[in-house]
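Each residue of the sequence shown is one higher than the one before, starting from 0 at the first, in numbering that gives the first Met the number 0. Taking it in order: structure first as structure tokens, then the write-up.
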Amino acid sequence: MNAKIGENDAKGSAYNTTTNENGQLFLDYTQECNLKVLNTSFLKRKGKLWTHTSPNKEKSQIDYILINNKWKNSALNCEAYSTSCTVGSDHRIVTAKIRLSLRQSKSSSKKNIRYDWNLLLTNNNIKDRYTVEVRNQYQALQDLEGNEDANKVYENIMRAHEEAAKNNIPVRMKIKQHVPWEDENISKERENVKKAYQENLKRRTRKSNAELKEAKKHLQEAYDLEQEKYVNEKISYITNAIEHQRSGTAWQTVNELTGRKGSNKRRIRAINPEERVKKWKDHFSNLLGQPPTVTSKPTVTIIHETLPINIEDITMDEHGLDNIPIEVWKCGALNEYLLDVCNRTFDGDRPDIWVK
């Protein structure tokens with residue numbers, strides 16, 4: 000091919016000063032086939048780069064080693080040697096040092112589907128459909144596998160819940176984070192990047208790749224400009240708030256700008272610190288101040304209205320080990336089965352998952 004790659008088109012070093020026509024075709028070919036030119040990927044002195052000597056003793060680099068971009072990190076070195084001078088060839092040997100760099104494939108872990116559990120408490124139709132299916136699924140599992148111990152019973156509850164949720168609970172919609180400095184110019188530049196990306200996928204030429212890079216550059220410049228304007232406006236707003244002694248507004252703006260969270264909303268409300276301390280003292284006095292009444296072996300029968308915990312008062316952001324959210328327990332669909340497991344627990348047969 001007699002392709003020559005110039006210094007401006009090389010990722011590392013190149014012997015040739017400019018790229019000729021065949022060199023441009025050669026680079027287009029490597030882009031289209033997702034290949035990397037190893038000769039021009041490392042920083043080398045000129046004596047390690049040239050590969051051919053013409054009849055008029057002019058040296059050039061026209062022999063190359065290519066590697067798929069997938070394995071580019073396995074290439075450690077590439078250079079030319081003058082070891083074939085004894086055979087009278089006008090080309091030099093080009094060698095590459097390769098060490099396979101293998102990466103373990105990612106294990107396909109089971110993803111936790113984010114269902115919109117709040118619909119169980121707000122949508123009666125979804126709640127009724129979920130309740131009917133979870134009970135049918137549970138009864139089928141019990142009839143098939145029996146109810147010998149609490150572990151099997153609770154495992155059937157979890158399996159019935161998982162299947163009923165998959166068929167009846169909608170997946171929670173993703174809420175896209177609002178970017179406060181988003182404007183029409185940024186949206187326009189983003190569309191240009193999408194178009195340039197699609198065009199580059201079709202053509203795979205140096206020109207289309209350059210157009211994609213240029214579009215990305217313009218998008219980043221638009222982001223930086225609008226973000227700078229937004230931050231400057233907020234700084235002016237904070238400065239004005241401080242000058243007018245509105246520290247609360249100033250701190251609220253600082254938290255918004257830095258992404259810091261606000262104060263703890265679960266803090267005990269009180270008029271002053273003394274009243275807050277008194278409320279804490281009364282709370283722990285009622286909680287810990289009374290001696291416990293212990294019997295040799297309590298005889299307890301739990302009924303639906305007196306479950307050992309007040310489910311309505313519980314608030315949780317995460318699921319437990321059983322992956323059953325608190326909204327499921329609050330809707331009452333599983334209370335009958337929870338009652339059975341609680342009775343078994345008081346009889347000494349508790350699920351292992353409850354003590355993990």
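Ideal Cβ placement from N, Cα and C applies to all residues, glycine included. From a predicted model like this one, the values you see are computed outputs, not experimental measurements.
Take residue i as the anchor and find which of the options has the nearest alpha-carbon.
i: V230; options: E255, N199, R189; result: E255
i: I168; options: T29, K201, Y129; result: Y129
i: P179; options: P324, K278, F345, E232; result: E232
i: Y63; options: K228, H160, L34; result: L34
i: E210; options: V192, T121, K96; result: V192
i: Y114; options: P324, K96, N342; result: P324
i: D348; options: N150, E31, K56, Q244; result: N150
i: G87; options: S53, N68, N117; result: S53
i: E227; options: N166, E181, A249; result: E181
i: L140; options: T17, E161, N122; result: E161
i: K69; options: N322, L101, F345, N122; result: L101
i: E57; options: D89, E213, N285, W250; result: D89
i: M172; options: N166, W116, R275, T50; result: W116
i: R202; options: T18, C32, A2; result: C32
i: N72; options: S81, L99, T50; result: L99
i: T204; options: Y28, K10, F345, I234; result: Y28
i: E190; options: V170, N166, Q219, K206; result: Q219
i: G46; options: L320, P350, V93, S246; result: V93
i: K91; options: H51, L320, N166; result: Rather than Lys, the amino acid found at residue 91 in this sequence is Arg. Ranking the options by Cα distance to R91, first place goes to H51.
Would you grab the beta carbon distance between residue i and residue j for me? Rounded to a whole angstrom, and I think it's under 8 Å.
i: H217; j: E188; result: 5 Å
i: V327; j: Y153; result: Going by Cβ atoms, the distance from V327 to Y153 rounds to 14 Å, so no, they are not a contact pair.
i: A164; j: Y137; result: That pair is no contact at about 13 Å.
i: V253; j: I237; result: 6 Å
i: I112; j: V170; result: 6 Å
Could you please give the first and the last residue of the uninterrupted beta strand (DSSP E) stretch that includes residue i?
i: V133; result: Per DSSP, V133 belongs to no beta strand (DSSP E); it is in the alpha helix (DSSP H), 123–144.
i: V36; result: 34–36
i: V93; result: 92–97
i: L75; result: 74–80
i: I66; result: 65–67
What span of residues does the alpha helix (DSSP H) with residue i cover, start to end?
i: E20; result: 20–31
i: I325; result: 325–330
i: W70; result: Segment: none, W70 is in no alpha helix (DSSP H) and carries neither H nor E.
i: Q251; result: 246–257
i: D223; result: 205–242
i: N334; result: 334–345
i: K187; result: 183–202
i: M157; result: 149–167
Please state if the CB of residue j and the CB of residue i are separated by a distance shorter than 8 Å.
i: Y222; j: I185; result: yes
i: I4; j: L26; result: yes
i: Y336; j: I156; result: yes
i: L48; j: S12; result: yes
i: L119; j: C330; result: yes
i: N15; j: Q60; result: yes
i: V133; j: L333; result: yes
i: N208; j: Q23; result: no
i: A79; j: I97; result: no
i: A95; j: N76; result: yes
Does residue i have its Cβ less than 8 Å from a Cβ in chain B?
i: N208; result: Here chain B cannot be found, since the structure has a single protein chain.
contact_flag[the region 137–148, the region 189–209] where n(CB pairs < 8 Å) is 3 or more: no
The region 4–16 contacting the region 38–54, beta-carbon criterion three pairs below 8 Å: yes
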